[in-house]
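**Q** I'd like to ask some things about the structure below.
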Amino acid sequence: MIRIVLCEDDRRTLKEVTELIKEILVKEKLPPARVEPFADSNALLEKIRQGERASIYLLDVEMPGADGFEIARTLQEGALPSQEDAPAVIFLTSHEERSTEGYFVRAFRYVVKNRMEKELPEAITSAIRDIRRKIPRTLILHHQGVVRKVRQDEILYIQRERRKLELHLSNGEILTDPRGVSELAEELEGPFIRISPSEIVNGGQVRSLKESEIVLKDGTVLAVTRRRMTQVKEALIGYWKSGILFS
């Protein structure tokens, strides 16, 4: 579950923003999240220094003791050089002119308090979507009586063989699952494309499409049915243009 930490020294504002975040989660149909309010910034800073981390931090810029910038700098110090594991920091402020200071600690958003109801929904929604993009999507399989979990971006293609599905992975492994193609397709996320009644291909693994064939990055060639060719072509071009294919 996503953990959201809110730090605001004014207890009335703390309560109001906590309730607003919960309303946003429901209204925007976002995944479940735990909201943890802190009125004492020093207490929060100590927890961070002890290694505790949340996915999203909403920090008041001006607070007694540790201010929002100091907390954000401490969070940044604990992140990896790539910043992939750095939490999203959303600053709350009454002084819009201080927003430029957020660049030094890689603030995700700046929300002005008197525009909270207008600006906070977008900030929360974008932060959660960004977090979810970083989390590898997985698939639970029942391979030969054993439950297996695989990353979806490691799947090259899926094809029906007799009474079972074969999932061909990028490492050369082939896993099986007893479900049907349509049933399994409902659990897939991202650029998976049905190229025939019995086959699904990971669009992120496609190198090219020519005539009636798809060529994957590992050299595998798969046939596309004539009936699905237009749909497959449009889907691939759409994915390539949008840049949302798996890396």
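Our numbering runs 1480 ahead of the 1-based position in the sequence shown. Don't be surprised by glycine CBs; every beta carbon is placed ideally from N, CA and C.
(1) From the DSSP output, in three-state form, read off GLN1685 for me.
(2) Please report how far the alpha carbon of VAL1497 lies from the alpha carbon of PRO1601, in whole angstroms.
(3) I'd like the span of the beta strand (DSSP E) that includes GLN1556, first residue to last.
(4) Would you please state the rounded distance, in angstroms, between the beta carbons of LEU1555 and CYS1487? I believe it to be under 8 Å.
(5) Looking at C-alpha atoms only, which residue of LEU1510, ARG1491, PHE1518 is the closest neighbour of VAL1485?
(6) Do you know how far the Cα of ARG1642 is from the Cα of THR1605?
(7) Let me make sure I understand the geometry here. Which of SER1688, ASN1594, GLN1530 has the alpha-carbon closest to that of HIS1575?
(8) Which residues mark the beginning and the end of the alpha helix (DSSP H) in which ARG1612 is found?
(9) Is ARG1589 near ILE1615, with beta carbons less than 8 Å apart?
(10) Select from ILE1680, ILE1551, SER1662, ARG1628 the residue whose C-alpha is nearest the C-alpha of ARG1529.
(11) If you follow the beta strand (DSSP E) that LEU1621 is in, where does it begin and where does it stop?
(12) Evaluate the contact criterion for the segment 1680-1699 versus the segment 1633-1642: three or more CB pairs, one atom per stretch, below 8 Å.
(13) If distances are taken between C-alpha atoms only, which option among ALA1513, GLU1714, VAL1712, LEU1716 comes closest to ILE1611?
(14) How is the alpha helix (DSSP H) around ALA1523 delimited, first residue to last?
(15) Could you tell me which of LYS1644, VAL1661, SER1662, GLU1663 sits nearest to LEU1655, measuring between CA atoms?
(16) HIS1623: which of LEU1647, ARG1609, ILE1608, ALA1603 sits nearest, CA to CA?
(17) On the DSSP letters alone, give me the boundaries of the beta strand (DSSP E) that THR1498 sits inside.
(18) Going by DSSP in three states, GLU1542 sits in which element: helix, strand or coil?
(19) Return the residue from the list ILE1620, GLY1652, PHE1672 that minimises the CA-CA distance to TRP1720.
**A** Per the coordinate set shown:
(1) Correct three-state label for GLN1685: helix.
(2) One C-alpha to the other measures close to 11 Å.
(3) Looking at the DSSP string, GLN1556 is not in any beta strand (DSSP E); the run it does join, the alpha helix (DSSP H), is 1548-1557.
(4) With a Cβ gap of about 11 Å, LEU1555 and CYS1487 do not count as contacting.
(5) Sorting LEU1510, ARG1491, PHE1518 by C-alpha distance to the C-alpha of VAL1485 places PHE1518 at the top.
(6) If you take the alpha carbons of THR1605 and ARG1642, they lie about 43 Å apart.
(7) When SER1688, ASN1594, GLN1530 are compared, the shortest CA-CA separation from HIS1575 is found for ASN1594.
(8) Its alpha helix (DSSP H) spans residues 1596-1614.
(9) No. Outside cutoff.
(10) Of the candidates ILE1680, ILE1551, SER1662, ARG1628, the one whose C-alpha sits nearest the C-alpha of ARG1529 is ILE1551.
(11) From DSSP, the beta strand (DSSP E) with LEU1621 extends over 1618-1623.
(12) Contact annotation: the segment 1680-1699 touches the segment 1633-1642, with at least three C-beta pairs closer than 8 Å.
(13) Out of ALA1513, GLU1714, VAL1712, LEU1716, the CA that lies nearest to the CA of ILE1611 is found in ALA1513.
(14) 1521-1529 is the extent of the alpha helix (DSSP H) around ALA1523.
(15) Selected option, being the one with the closest Cα: LYS1644.
(16) Closest option to HIS1623, judged by alpha-carbon separation, among LEU1647, ARG1609, ILE1608, ALA1603: LEU1647.
(17) From DSSP, THR1498 is part of no beta strand (DSSP E) but of the alpha helix (DSSP H) over 1491-1507.
(18) Of the three classes helix, strand and coil, the one that applies to GLU1542 here is coil, per DSSP.
(19) Residue PHE1672 is the option with its Cα nearest to TRP1720.
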